[in-house]
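Just so you know, UniProt numbering puts 1 at position 1 of the sequence shown, and the rest follows in order with no gaps.
Note that beta-carbon positions come from the ideal geometry of N, C-alpha and C, so glycine has one too.
Remember, predicted model here, so these are calculated numbers, not experimental data.
Taking it in order: structure first as structure tokens, then the write-up.
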Amino acid sequence: MNIEHTPVDKTIPALEDGDLNCVVSSQLRHTSGIVSDPVITDRLNCIMRQNHPLSDAPLTLSEFLSASHLHVATSSADVRFVDNILSGQRFSRKIAVTTPHWLTLPFVLVKTDLISVVSEKMASTPLFSGLQRIELRFEAQPVSWNLYWHKRDENNAAHLWLREQIYRVCRVI
1 MNIEHTPVDK TIPALEDGDL NCVVSSQLRH TSGIVSDPVI TDRLNCIMRQ NHPLSDAPLT
61 LSEFLSASHL HVATSSADVR FVDNILSGQR FSRKIAVTTP HWLTLPFVLV KTDLISVVSE
121 KMASTPLFSG LQRIELRFEA QPVSWNLYWH KRDENNAAHL WLREQIYRVC RVI
């Protein structure tokens, strides 16, 4: 078994071509040949280092938008989670740095005045324990993390077993 971090714009084509068996992701646009099933529902939180200049008082929307952000995206086309919500409300944030993976966030944030947005469940893990969590100051619907797979694998016994293992893990997160 290989676990890969695949850019969002390559994920659905890889499922369609059979290069990936299944994917846990969010807000992927897909064809009718791809099945999508929710496995985790979560909320978004703003995170920053302890003693950050914005951590003393409630974070205003204006402060959030003007702060320098560390953005997680596997490609420039990836505007899921925050930027699509903000643009729908006619706002945008100031992205200073982009990283391709969530796991780099704590190491960058703890040493800088950058802020970021992550899922609440991720922010509550030990990896993020040195950071401060703050509620977002704009309307953000809960995030649904889904399990995606191709319909051709719907009744494949090995694939059913793999999906059940993923469901079991996601139930305890």
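Ordered along the chain, which non-local residues of its own chain (more than five positions away) have a Cβ less than 8 Å from that of residue i?
| i | result |
| --- | --- |
| R80 | V8, S26, Q27 |
| K121 | I40, D42, I173 |
| H52 | D113, I115, Q132 |
Just verifying my parser: in three-state terms, what is the DSSP assignment at residue i?
| i | result |
| --- | --- |
| Q165 | helix |
| I12 | helix |
| E120 | helix |
| K111 | coil |
| L44 | strand |
| E135 | strand |
| H5 | coil |
| N21 | coil |
| N84 | helix |
Using the beta-carbon count (16 or more within 10 Å), is residue i buried or exposed?
| i | result |
| --- | --- |
| F172 | The sequence given here has Val at residue 172, not Phe. Exposed, because fewer than 16 other Cβ atoms sit within 10 Å of the Cβ of V172. |
| I134 | buried |
| V169 | exposed |
| L103 | exposed |
| R150 | In the sequence as presented, Arg is not what sits at residue 150; that position holds His. Classification of H150: buried, given that the 10 Å Cβ count is 16 or more. |
Indicate whether residue i and residue j have their beta-carbon atoms separated by less than 8 Å.
| i | j | result |
| --- | --- | --- |
| T6 | S144 | no |
| R137 | T11 | no |
| L105 | V118 | yes |
| V35 | Y167 | no |
| R70 | R93 | With the sequence shown as reference, residue 70 is identified as Leu, and Arg is not the correct amino acid for it. No, the pair does not count as a contact, with Cβ atoms beyond the cut-off. |
From the beta carbon of residue i, is the nearest beta carbon of chain D less than 8 Å away?
| i | result |
| --- | --- |
| V82 | Looking for chain D here will not work: only one protein chain is present. |
Meets three-Cβ-pair contact criterion under 8 Å: the segment 145-163 and the segment 46-58: In this structure the segment 145-163 does not lie against the segment 46-58, because fewer than three pairs of beta carbons, one per stretch, are closer than 8 Å.
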